[in-house]
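Asks: Attaching a single structure in structure tokens format; questions to follow.
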Amino acid sequence: MSFPFAEDVEISVWDDFEKTITLMPWQDEISAVLAEKGVHESMFIDAVCGAGKTEICLELIERCFREGKPVAWTVPRREVVLELAARLQSYYPSQSIIPVCGGHTDKTIADLVVCTTHQLFRYYQYFDVLILDEPDAFPYAGNEILERILHTSCRGTIIYLSATFSIDHVKRLELSIRPSGVLLPVPEIKRGYFLLIRLILDLSKYSNESCLVFVPTKKLARKLSHILRSPMITSDTEDKQSPIDTFRQSGGILIATTVLERGVTFPECFVFVYCADHITFNEGSLVQISGRALRGMKPKKGKVIFYCLEINQDIQKAIKRITAANNSALSVLKNHPKTNLY
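Position 271 (the sequence shown) corresponds to 273 in the numbering used here; numbering is contiguous.
Below is the structure:
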């Protein structure tokens with residue numbers, strides 16, 4: 003299978019940063035609006051998985067640096083805090099950027115604070131701009147205490163980033179296409195009985211690939227880990243980073259619960275969702291999980307397969323959302339004819 007890429011499109015290259023940033027036109031449009039208005043007005047960036055949310059926000063962050071405005075970027079998980087802080091520091095080596103999370107609380111004041119939502123209790127009316135990454139994810143989603151803590155820490159605007167969130171009272175900017183120009187993978191559905199046998203047969207078919215297997219429960223993760231003799235990651239896994247790093251480097255099979263549905267990127271990954279009709283998996287989590295495939299600027303391979311006894315409403319809604327995003331992406335590409343992708 004091969005995929006078209008946005009190689010011939012006119013791109014924006016920023017040399018103002020300490021590391022050159024390249025944006026596709028559809029990213030540049032969102033970035034410009036965000037940089038201009040994001041310090042005065044809260045916004046929701048409705049961006050598909052893999053749309054380049056970090057790069058889209060850099061121009062806004064650069065403006066905050068220039069104007070001396072404290073800015074925070076808050077994410078759901080500790081591992082993502084550390085990875086994102088290092089990534090942002092690579093863009094701004096001379097700026098003060100710190101992670102604030104469990105085990106990293108000695109220093110809490112910097113030009114840019116990257117933290118979990120829990121750590122915002124340390125700040126009172128401090129941030130002029132607060133970027134809230136994945137507001138619909140655990141533990142922030144539905145947590146009134148964390149919501150109050152977040153609003154107390156911020157004296158200015160809030161920028162919401164997600165592919166599966168909705169909010170009515172702020173301006174919404176839509177980004178339905180990845181920088182590669184490759185459409186989102188629409189899950190293939192395998193419905194019926196003997197799902198475990200079908201999963202194992204498919205995994206043997208893709209034995210030379212990086213196979214990320216999602217399951218709905220920790221008990222099922224342990225069972226599959228034993229059957230497949232493969233590592234697993236659940237909320238109980240103390241060292242989550244080691245199996246993630248090994249999977250990135252060596253591929254193979256990695257079994258995970260929804261703890262890995264967001265915030266991780268693996269090159270040329272094949273995604274399998276076992277018991278996709280389980281109550282644990284809702285529309286948002288299925289969309290996020292599907293978004294793990296076909297990432298990067300030139301993805302050569304990748305696939306998403308749902309295994310289920312029945313196609314429930316959440317599966318239907320997830321596929322409908324992904325398909326709608328792809329239709330919107332095609333419209334974007336038509337406005338940039340130099341891509342010649344489809």
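C-beta atoms are modelled at their ideal positions from N, C-alpha and C, and glycine is treated no differently.
To the nearest angstrom, how far is the alpha carbon of residue 7 from that of residue 126?
Replies: Within the sequence shown, numbered from 1, the residue matching residue 7 stands at position 5. Within the sequence shown, numbered from 1, the residue matching residue 126 stands at position 124. With a pLDDT of only 42 at residue 7, under 50, the local geometry of the prediction cannot be trusted, and no value is derived from it.
Asks: Does the region 177-185 come close enough to the region 263-281 to have 3 or more Cβ pairs within less than 8 Å?
Replies: Judged by Cβ distances under 8 Å, the region 177-185 makes no contact with the region 263-281, as fewer than three pairs qualify.
Asks: Provide the residue(s) that pair with residue 2 in DSSP beta bridges, ordered along the chain.
Replies: The structure shown does not extend to residue 2, since the chain is modelled only from 3 to 344, so the question has no answer here.
Asks: Counting only the same chain and skipping the five closest in sequence on each side, list residues whose C-beta sits under 6 Å from that of residue 102.
Replies: Along the sequence shown, read from residue 1 onward, the residue named residue 102 stands at position 100. Closer than 6 Å at Cβ, skipping near neighbours: 110, 115, 117 and 121.
Asks: Helix, strand or coil for residue 248? Go by DSSP, reduced to three states.
Replies: Your numbering for residue 248 matches position 246 in the sequence shown. Residue state, collapsed to three classes: helix.
Asks: Once the 5 residues before and after residue 53 are set aside, which same chain residues still bring their CB inside 6 Å of it?
Replies: Taking the sequence shown and counting its residues from 1, one reaches residue 53 at position 51. The answer, listed in chain order, is 177 and 180.
Asks: Roughly how many whole angstroms lie between the Cα atoms of residue 152 and residue 207?
Replies: Here the question's residue 152 lines up with position 150 in the sequence shown. Here the question's residue 207 lines up with position 205 in the sequence shown. C-alpha separation (whole angstroms): 46 Å.
Asks: What three-state label does DSSP hand residue 27 in the structure shown?
Replies: Sequence index remark: in the sequence shown, residue 27 carries index 25 (1-based). Three-state DSSP puts residue 27 in a helix.
Asks: Distance, Cα to Cα, residue 42 vs residue 157?
Replies: Counted from its first residue, the sequence shown places residue 42 at position 40. Counted from its first residue, the sequence shown places residue 157 at position 155. Rounded to the nearest angstrom, the two C-alpha atoms are 11 Å apart.
Asks: The alpha helix (DSSP H) spanning residue 60 covers which residue range?
Replies: As a first step, residue 60 must be located in the sequence shown, where it is residue number 58. Its alpha helix (DSSP H) spans residues 55-69.
Asks: For residue 173 and residue 45, I'd like the C-alpha separation in whole angstroms.
Replies: On the sequence shown, position 171 is the one that residue 173 refers to. On the sequence shown, position 43 is the one that residue 45 refers to. Looking at the two C-alpha atoms, the distance is approximately 5 Å.
Asks: Would DSSP call residue 235 helix, strand or coil?
Replies: Locating residue 235 in the sequence shown gives position 233, counting from the first residue. Looking at residue 235 - three-state DSSP - the assignment turns out to be strand.
Asks: Excluding five sequence neighbours on each side, which residues of the same chain lie with their C-beta closer than 6 Å to the C-beta of residue 27?
Replies: The residue you call residue 27 lines up with position 25 of the sequence shown. Result list for residue 27: 338, in chain order.
Asks: By the 10 Å Cβ neighbour count, where 16 or more other Cβ atoms means buried, how is residue 87 classified, buried or exposed?
Replies: Position 85 of the sequence shown holds residue 87. That one is buried.
Asks: Note down, in chain order, each residue of its chain lying with its Cβ closer than 8 Å to the Cβ of residue 4, except the 5 sequence neighbours on either side.
Replies: As a position in the sequence shown, residue 4 is number 2, starting the count at 1. The predicted model places residue 4 with a pLDDT of 39, which falls under 50 and marks its position as unreliable; any figure quoted below should be read in that light. Counting only Cβ-Cβ distances below 8 Å, and skipping sequence neighbours, we find 302.
Asks: Is it right to say residue 190 is buried, meaning 16 or more other beta carbons lie within 10 angstroms of its own, or is it exposed?
Replies: Translated into the one-based positions of the sequence shown, residue 190 becomes position 188. Classification of residue 190: exposed, given that the 10 Å Cβ count is below 16.
Asks: How about the region 257-277 and the region 219-236: do they share at least three Cβ pairs that are nearer than 8 Å?
Replies: Yes: the two stretches touch, three or more of their Cβ pairs being nearer than 8 Å.
Asks: If residue 47 sits next to residue 188, beta carbons under 8 Å apart, how far is it from one beta carbon to the other, in whole angstroms?
Replies: Against the sequence shown, residue 47 aligns to sequence position 45. Against the sequence shown, residue 188 aligns to sequence position 186. So it is not a contact: roughly 23 Å between Cβ atoms.
Asks: Would you call the CB atoms of residue 289 and residue 143 closer than 9 Å?
Replies: Locating residue 289 in the sequence shown gives position 287, counting from the first residue. Locating residue 143 in the sequence shown gives position 141, counting from the first residue. Cβ atoms of residue 289 and residue 143: not closer than 9 Å.
Asks: Give me, in chain order, the residues of the same chain whose beta-carbon lies closer than 8 Å to that of residue 329; leave out the 5 immediate sequence neighbours on both sides.
Replies: The residue labelled residue 329 in the question sits at position 327 within the sequence shown. Cβ neighbours of residue 329 beyond the five flanking positions: none.
Asks: From the DSSP output, in three-state form, read off residue 333 for me.
Replies: Working through the sequence shown from its first residue, we reach residue 333 at position 331. Three-state result, residue 333: helix.
Asks: Among 201, 175 and 80, which residue has its Cα nearest to the Cα of residue 389?
Replies: Any question about residue 389 goes unanswered here, given that the chain covers just 3 to 344.
Asks: If contacts are defined as beta-carbon pairs under 8 Å, then residue 148 and residue 141 qualify, I think. What distance do you get, rounded to the angstrom?
Replies: In the sequence shown, residue 148 corresponds to position 146, counting from 1. In the sequence shown, residue 141 corresponds to position 139, counting from 1. Indeed they touch by this definition, with Cβ atoms about 6 Å apart.
Asks: Using only CA atoms, which one of 131, 99 and 224 lies nearest to residue 239?
Replies: Here residue 239 corresponds to residue number 237 of the sequence shown, with the count starting at 1. Ranking 131, 99 and 224 by Cα distance to residue 239 puts 224 first.
Asks: Taking only three categories from DSSP, how would you classify residue 38?
Replies: Along the sequence shown, one-based indexing puts residue 38 at 36. In this structure, residue 38 counts as helix in the three-state DSSP scheme.
Asks: Report back the beta-carbon spacing between residue 73 and residue 130 to the nearest angstrom; my notes put them in contact at under 8 Å.
Replies: Here residue 73 is taken as the residue at index 71 of the sequence shown, counted from 1. Here residue 130 is taken as the residue at index 128 of the sequence shown, counted from 1. Residue 73 to residue 130, Cβ: 7 Å. Contact.
Asks: Go ahead and pull the three-state DSSP assignment for residue 46.
Replies: Stepping through the sequence shown from its first residue, residue 46 is reached at position 44. Residue 46 falls in the strand class under three-state DSSP.
Asks: Could you name each continuous alpha helix (DSSP H) segment of 4 residues or more that falls completely within the region 171-241, going from the start of the chain to the end?
Replies: The qualifying runs are 197-207 and 220-230.
Asks: So residue 152 is in the alpha helix (DSSP H); what residue range does that whole segment cover?
Replies: To locate residue 152, count along the sequence shown from 1; it is residue 150. 146-155 is the extent of the alpha helix (DSSP H) around residue 152.
Asks: Just to confirm, is the Cβ distance from residue 297 to residue 304 under 9 Å?
Replies: For the purposes of this step, residue 297 is taken as the residue at position 295 of the sequence shown. For the purposes of this step, residue 304 is taken as the residue at position 302 of the sequence shown. It is a contact, given that the beta carbons lie within the stated cut-off.
Asks: For the beta strand (DSSP E) containing residue 133, list its first residue and its last residue.
Replies: Taking the sequence shown and counting its residues from 1, the one referred to as residue 133 is at position 131. Residues 129-135.
Asks: For residue 216 versus residue 273, is the C-beta distance shorter than 9 Å?
Replies: On the sequence shown, position 214 is the one that residue 216 refers to. On the sequence shown, position 271 is the one that residue 273 refers to. Result yes, Cβ atoms of residue 216 and residue 273 sit closer than 9 Å.
Asks: Just verifying my parser: in three-state terms, what is the DSSP assignment at residue 328?
Replies: On the sequence shown, position 326 is the one that residue 328 refers to. Three-state DSSP puts residue 328 in a helix.
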